[in-house]
Structure formats: C-alpha cells, structure tokens
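Here is the structure we will look at.
This is the structure we're talking about:
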C-alpha cells in the first residue's frame with residue numbers, strides 16, 4: 301500500500317449568506333480536482349472546537365463575484381457556518397505522486413532538501429510551516445532553526461531532482477546567527493514549531509533580522525492566499 305501524506309488545500313474564510321455557505325481561500329492550483337462534490341476534507345481547528353478531529357463533505361463549490369463559496373453536508377445555516385471559520389482543509393495524497401506540471405512540487409517534498417546560497421550549502425529544510433502571511437521554510441543552519449519566507453524574491457529556485465533549494469535572503473537573515481556564535485553571552489534564538497491542531501501557528505522568527513525580513517516580504521508579496529503550492533504544486537507561494 302503506498303505511503304500517504306496530507307496536503308493543505310484551503311481555508312474557510314467567512315460565512316456567506318444565511319444558508320450555511322462559506323467563502324474559501326484556495327491553497328491549490330487544482331480546485332477542479334480537489335473541490336468536487338463528495339470530496340472529504342480533514343479539518344484543522346483548535347482543540348476547543350466541536351469540529352476537532354472531524355472531517356467534512358463538500359456538496360458544491362460555486363463562484364460569487366470572483367470568490368469561491370463552498371456548501372458542505374450538514375452545514376445549513378449561518379451559525380453552523382461561522383463555527384467553521386478559520387478551519388484549514390486537508391486531503392490525503394499518495395506521498396510518491398508527482399505534480400503533472402514540469403518544475404512543480406508538493407510542499408511535503410521540500411523537507412530534507414539542501415539550502416544553497418551563492419554557491420555554498422548553508423543548511424537543509426526541516427519542514428514547511430503554514431503561517432497566515434505566507435508559508436515559512438524552516439531551515440536548519442549551524443544547529444539553529446531559521447524561518448525563511450517562502451516567496452519568489454527569497455526562494456527563486458526549487459530543484460527536486462538535484463535535491464536543493466536556492467535562496468537569496470536579505471542581509472542578516474542567516475548572518476545574525478553567525479555573529480551570535482562569536483559572542484559567548486549572546487542570547488540563543490530559534491523559530492517556533494507549527495501548531496499541531498490550530499491553524500494559527502506561532503510566528504516567532506529567528507531574531508530581529510528575521511522579523512525585518514519577514515516584514516519586508518509581507519509588504520512586497522501579499523496578495524490573497526497562495527493559489528499555487530500550499531497543496532504543493534507551483535512556484536513558491538506569494539504568501540506560503
């Protein structure tokens with residue numbers, strides 16, 4: 301039996317109307333494949349939610365004024381719809397399946413890739429954390445975790461065949477750690493782990509320089525939620 305993984309394909313944004321419809325932020329470039337009648341999604345919600353540990357079935361996905369709106373089985377009024385707001389939608393996927401498009405990838409395939417800058421290996425990707433602004437590459441660098449905004453300006457190239465990611469980070473994103481190593485009394489810095497059962501993952505960065513880099517990326521690259529690759533396929537998401 302093939303190994304399975306989960307892909308993040310959407311987030312429920314807000315109630316639409318009075319009959320249980322919910323606007324959806326799509327994290328996939330294949331909505332026609334993922335959001336079909338009968339599709340089931342595992343829900344990522346806080347442990348306090350009545351939906352924790354449950355899945356939900358899609359009845360229909362429509363488009364109103366350019367925004368996708370979903371109707372789910374058992375969600376028939378606005379109150380019930382509002383209980384699902386901010387829930388993240390996940391689907392199961394064969395871990396060995398590759399995207400149909402060339403030069404594309406799924407997010408789970410990024411973990412373990414080497415990270416290169418200016419022709420030098422500087423670390424490897426530990427995982428990808430989905431944050432509200434955009435996805436973050438968590439990179440192991442000299443024994444520390446560095447949060448790298450997964451945007452085109454900072455991550456211009458992903459090469460699965462070569463097993464590497466090329467980064468062009470702003471000054472200070474990695475150098476601050478190197479400076480800290482030379483100062484015995486400098487405080488240790490590390491990034492936060494992604495929340496296991498709440499989509500609001502901690503946004504701690506690796507020092508002031510990483511915070512500044514994230515702020516710059518958010519200003520430069522903040523359209524709507526990523527359409528291309530939070531379920532995996534496509535260029536680095538404009539937000540994740």
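Residue numbers (the working numbering): 301 to 540. For glycine and all other residues, C-beta sits at the position ideal for the given N, C-alpha and C.
- Decide if residue 363 is buried, meaning its Cβ has at least 16 other Cβ atoms within 10 Å, or exposed. exposed
- Task: Starting from residue 543, follow the beta strand (DSSP E) in both directions and report where the run begins and ends.
- Result: Nothing in the structure corresponds to residue 543, since the chain is present only between 301 and 540.
- Message: Is it buried or exposed, residue 456, if we count other Cβ atoms within 10 angstroms and call 16 or more buried?
- Response: exposed
- Message: By DSSP's criteria, residue 367 is part of a beta bridge. Which residues make up the other side?
- Response: 364
- Give every residue of the same chain whose Cβ lies closer than 8 Å to the Cβ of residue 376, excluding the five residues on either side of it in the sequence, and list them in chain order. 319 and 320
- What are the residues that DSSP puts in a beta bridge with residue 390? 308 and 342
- Message: Quick test of the definition: if touching needs 3 or more C-beta pairs under 8 Å, does the stretch 409–424 touch the stretch 353–360?
- Response: no
- Message: Taking the straight line between their C-alpha atoms, what separation do you get for residue 431 and residue 437?
- Response: 10 Å
- Hey, would you say residue 446 sits closer than 8 Å to residue 473, going by beta carbons? yes
- Taking all protein chains shown into account, decide if residue 509 is buried (16 or more other Cβ within 10 angstroms of its Cβ) or exposed. Unreliable placement is indicated for residue 509, whose pLDDT of 46 sits below 50; no coordinate value is reported for it.
- Task: Look up residue 314 in the DSSP assignment and say whether it is helix, strand or coil.
- Result: strand
- Per DSSP, cross-strand counterpart(s) of residue 464: 414 and 459
- To the nearest angstrom, report how far apart residue 316 and residue 381 are at their CA atoms. 8 Å
- First and last residue of the uninterrupted beta strand (DSSP E) at residue 433: Taken as a continuous stretch (DSSP letters only), residue 433 belongs to no beta strand (DSSP E), as it is neither H nor E.
- Report the rounded CA-to-CA distance for residue 444 versus residue 429, giving the unit in angstroms. 16 Å
- Message: So residue 391 and residue 306 are supposed to be a Cβ contact under 8 Å. How far apart are they, rounded?
- Response: 7 Å
- Task: Using only alpha-carbon positions, find the residue among 458, 384 and 373 that is nearest to residue 313.
- Result: 384
- Item | Bridge partner(s) assigned by DSSP for residue 453 | The partner list for residue 453 (beta bridge, DSSP) is empty, contrary to what the question assumes.
- Tell me where the alpha helix (DSSP H) around residue 380 begins and ends. 378–382
- Query: What residue range is occupied by the uninterrupted alpha helix (DSSP H) comprising residue 332?
  - Reply: 331–334
- Unbroken beta strand (DSSP E) run spanning residue 354, endpoints: Neither: residue 354 is in no beta strand (DSSP E) and is coded neither H nor E.
- Residue from 379, 325 and 334 with nearest C-alpha to residue 366: 325
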